[in-house]
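**Student:** Numbering (this note's numbering), first residue to last: 10 to 470. Glycine included, each C-beta is placed from N, C-alpha and C at the ideal position. A quick note: this is a predicted structure, and the numbers were derived from the prediction, not measured.
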């Protein structure tokens, strides 16, 4: 064991630990979720520490030997090593200081080891004085959150792109299937089944565009602003070069905020990302619910489409198959919508020069992105690509509906068309037969007006 001290007192740690006293205190103070920091977030912290070390080397604030050891330690963490030394819970008090210090201590102790020293000998490399040089939790932590979002979002976007393509493929496949459209769950007017899938694809396309645009919010960072955005303890040359060096180290473009005080105290960029994720979740859930309705039955429901049978649907009812994939998509949507509310309240709760609640923002935001990615992946692979159309059922429901009477309004007027609809519902006689029997329209015009294919495109009159 070794003993380490901080301003609170001293603690004993395992001699082989790369983490230090502040990490151990946080581990004990925040047994909240039973989880540790997201791996991508750990890598983001190490990326920032490396960029800071490189910049401090360039401006002459950090000697070459220490700087090289810190950079090498950071590279190892970026490559996936030492993640088991990051003990702190992602939900923590202190505005993220525990996470930042966990990174500082692990990097410092690994750098000490690389220099031939013994872990805990902070005279060689100090977590605060050297690894955290020209930094504060208040600029490191939110910047790491943004880098992590930039890492995770493209994966979700990749799955959404697959979903859009799968829906477009189904739109083409079902282009010739005529069915009844419905409003408020009641018969409306004819449409093509392919048009339903094309409409869902259009919604997903908008979600992709929004998520692509919102990534730009994450490229604006407050790194260099240190404690409150005034850049205390930072050399001017460091301030002017840190964003450029971080872009190079992270291999993604970032830029320093125009107002570092604003960027330090406000978390509205994360709220915007969450809001776009929520919008996407709403669209996905609506689509999933539509699929469940259209596939309902198979004998007593709509049953215009078949969803792939993925697993037994009941422990008591033999042969029952449930729409489990759309169900899980909707549950993930509920999850994301709930996370958005938490993120909104956490961002609003920031006070004066800092938001202390970014830990819960990141915990929820990262989970929203990843669960969205997973839900869309299974939606594509295990549902959408395997959907088939019940063409005979679509035709049967169309022929027995009175919704086609809407197409007669330009020829016989709304009131007379409404009377025909009521009479058809009461007698069971088809609308076309009643219209001819009543003599309200000649047969040629009737056939033209009630052509279901023609009803599904504009400019019929």
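For the alpha helix (DSSP H) containing residue 421, name the first residue and the last one.
**Tutor:** Walking along the chain shown from the start, residue 421 turns up at place 412. Segment 418 to 421, the alpha helix (DSSP H) holding residue 421.
**Student:** Which residue wins for smallest C-alpha separation from residue 90, given the options 126, 16, 115, 398?
**Tutor:** Numbered from its first residue, the chain shown carries residue 90 at position 81. Of the listed residues, the one whose Cα sits closest to residue 90 is 115.
**Student:** Which class does residue 127 belong to by DSSP, given the choice of helix, strand or coil?
**Tutor:** Against the chain shown, residue 127 aligns to sequence position 118. Residue state, collapsed to three classes: coil.
**Student:** Using CA coordinates, which residue listed in 250, 319, 186 is at the minimum distance from residue 330?
**Tutor:** Residue 330 sits at position 321 when you count from the first residue of the chain shown. Per the Cα distances, 319.
**Student:** Name, in chain order, the residues that DSSP records as bridge partners for residue 229.
**Tutor:** By 1-based counting over the chain shown, the position of residue 229 is 220. Partner(s): 264.
**Student:** Do you know whose CA, among 61, 206, 460, 212, lies nearest residue 290's CA?
**Tutor:** Position 281 of the chain shown, counted from the start, is the residue given in the question as residue 290. Ranking the options by Cα distance to residue 290, first place goes to 212.
**Student:** Mind checking who residue 305 pairs with in its DSSP beta bridge?
**Tutor:** Here residue 305 is taken as the residue at index 296 of the chain shown, counted from 1. None, per the DSSP bridge assignment.
**Student:** Following the continuous beta strand (DSSP E) through residue 188, name the residue where it begins and the one where it ends.
**Tutor:** Numbered from its first residue, the chain shown carries residue 188 at position 179. 187 to 192 is the span of the beta strand (DSSP E), which, as asked, contains residue 188.
**Student:** Which residue marks the beginning of the beta strand (DSSP E) containing residue 485, and which one marks its end?
**Tutor:** Only positions 10 to 470 of the chain appear in the structure, and residue 485 is not among them; the question remains open.
**Student:** Per the contact definition of three or more C-beta pairs closer than 8 Å, is the region 117 to 131 in contact with the region 78 to 90?
**Tutor:** Two segments are said to touch when three or more pairs of C-beta atoms, one from each, lie closer than 8 Å; by this definition the region 78 to 90 touches the region 117 to 131.
**Student:** In this structure, does DSSP put residue 14 in helix, strand or coil?
**Tutor:** The residue given as residue 14 occupies position 5 in the chain shown. In this structure, residue 14 counts as strand in the three-state DSSP scheme.
**Student:** Quick one: what's got a C-beta closer than 6 Å to residue 366's C-beta in the same chain, skipping five residues either side?
**Tutor:** The residue labelled residue 366 in the question sits at position 357 within the chain shown. Answer for residue 366: 355, 358, listed in chain order.
**Student:** Skipping 5 residues on each side, what residues in its chain have a beta carbon closer than 7 Å to that of residue 439?
**Tutor:** As a first step, residue 439 must be located in the chain shown, where it is residue number 430. The residues are 433.
**Student:** Specify the secondary structure class of residue 90 as computed by DSSP and reduced to three states.
**Tutor:** Residue mapping note: residue 90 aligns to position 81 of the chain shown, counting from 1. Note: residue 90 maps to coil in three-state DSSP.
**Student:** Could you name the residues of the same chain whose beta carbon sits closer than 7 Å to that of residue 302, not counting the 5 residues immediately before and after it, in chain order?
**Tutor:** What you label residue 302 is simply residue 293 of the chain shown in a count that begins at 1. For residue 302, where only same-chain residues beyond five positions count, the Cβ hits under 7 Å are 311.
**Student:** Contact defined as beta carbons within less than 8 Å: I believe residue 110 pairs with residue 155. What is the distance between those atoms, to the nearest angstrom?
**Tutor:** If you number the chain shown from 1, residue 110 lands on position 101. If you number the chain shown from 1, residue 155 lands on position 146. With a Cβ gap of about 20 Å, residue 110 and residue 155 do not count as contacting.
**Student:** Could you please give the first and the last residue of the uninterrupted alpha helix (DSSP H) stretch that includes residue 54?
**Tutor:** Within the chain shown, the letter at position 45 stands for residue 54. 48 to 67 is the span of the alpha helix (DSSP H), which, as asked, contains residue 54.
**Student:** Counting pairs of beta carbons, one from the region 186 to 198 and one from the region 217 to 232, are three or more of them closer than 8 Å?
**Tutor:** no
**Student:** Flag this pair as yes or no: are the beta carbons of residue 294 and residue 339 separated by less than 8 Å?
**Tutor:** Residue numbering aside, residue 294 sits at position 285 when the chain shown is read from its first letter. Residue numbering aside, residue 339 sits at position 330 when the chain shown is read from its first letter. Contact: yes.
**Student:** Considering only C-alpha positions, which residue in the set 58, 376, 398 is nearest to residue 76?
**Tutor:** Against the chain shown, residue 76 aligns to sequence position 67. Ranking 58, 376, 398 by Cα distance to residue 76 puts 58 first.
**Student:** Using a Cβ-Cβ cutoff of less than 6 Å, which residues in the same chain neighbour residue 426 once the five nearest sequence positions on both sides are dropped?
**Tutor:** Translated into positions along the chain shown, residue 426 becomes position 417. These residues qualify, in order along the chain: 414, 417, 418.
**Student:** Between which residues of its own chain and residue 342 is the CB-CB distance below 7 Å, once the five residues before and five after are set aside?
**Tutor:** To locate residue 342, count along the chain shown from 1; it is residue 333. Excluding positions up to five away in sequence, the list reads 290, 291, 293, 294.
**Student:** Am I right that residue 157 and residue 50 are in contact with their C-beta atoms under 8 Å? What's the rounded C-beta distance?
**Tutor:** Taking the first residue of the chain shown as position 1, residue 157 is located at position 148. Taking the first residue of the chain shown as position 1, residue 50 is located at position 41. With a Cβ gap of about 5 Å, residue 157 and residue 50 count as contacting.
**Student:** Going by DSSP, which residues form a beta bridge with residue 21?
**Tutor:** Sequence index remark: in the chain shown, residue 21 carries index 12 (1-based). Paired residue(s): 12.
**Student:** Report, in whole angstroms, the separation of the C-beta atoms of residue 234 and residue 148, which I expect to be a contact under 8 Å.
**Tutor:** Numbered from its first residue, the chain shown carries residue 234 at position 225. Numbered from its first residue, the chain shown carries residue 148 at position 139. Yes, residue 234 and residue 148 are in contact; Cβ-Cβ is about 5 Å, under 8 Å.
**Student:** How long is the line joining the alpha carbons of residue 394 and residue 451, rounded to whole angstroms?
**Tutor:** Here residue 394 corresponds to residue number 385 of the chain shown, with the count starting at 1. Here residue 451 corresponds to residue number 442 of the chain shown, with the count starting at 1. Their backbone Cα atoms lie some 45 Å apart in a straight line.
**Student:** Check whether the region 94 to 105 touches the region 24 to 35, counting contact only when three or more Cβ pairs, one atom from each stretch, lie closer than 8 Å.
**Tutor:** yes
**Student:** I'd like to check one pair, residue 232 with residue 252: are the Cβ atoms closer than 8 Å?
**Tutor:** Locating residue 252 in the chain shown gives position 243, where the first residue counts as 1. Locating residue 232 in the chain shown gives position 223, where the first residue counts as 1. Closer than 8 Å, so yes.
**Student:** Tell me which residues share the same chain as residue 161 and place their Cβ nearer than 7 Å to its Cβ, disregarding the 5 neighbours each side in the sequence.
**Tutor:** In the chain shown, counting from the first residue as 1, residue 161 sits at position 152. Here the set comprises 49, 375, 378, 379.
**Student:** If you drop the 5 nearest sequence neighbours on each side, which residues of the same chain put their C-beta closer than 6 Å to that of residue 64?
**Tutor:** For this step, residue 64 is matched to residue 55 along the chain shown. The answer, listed in chain order, is 247, 250, 251, 254.
**Student:** Who are the near neighbours of residue 202 in its chain, counting only those whose CB is closer than 6 Å to its CB and skipping five residues on each side?
**Tutor:** One-based indexing of the chain shown puts residue 202 at position 193. Only 183, 186, 188, 398 meet the Cβ criterion.
**Student:** Do residue 403 and residue 335 have their C-beta atoms closer together than 8 Å?
**Tutor:** The sequence position of residue 403 within the chain shown is 394, counting from 1. The sequence position of residue 335 within the chain shown is 326, counting from 1. It is not a contact, given that the beta carbons lie outside the stated cut-off.
**Student:** Report the three-state DSSP secondary structure of residue 71 (helix, strand or coil).
**Tutor:** Here the question's residue 71 lines up with position 62 in the chain shown. Note: residue 71 maps to coil in three-state DSSP.
**Student:** How is residue 363 classed by DSSP in three states: helix, strand or coil?
**Tutor:** Translated into the one-based positions of the chain shown, residue 363 becomes position 354. In the structure shown, the three-state DSSP call for residue 363 is strand.
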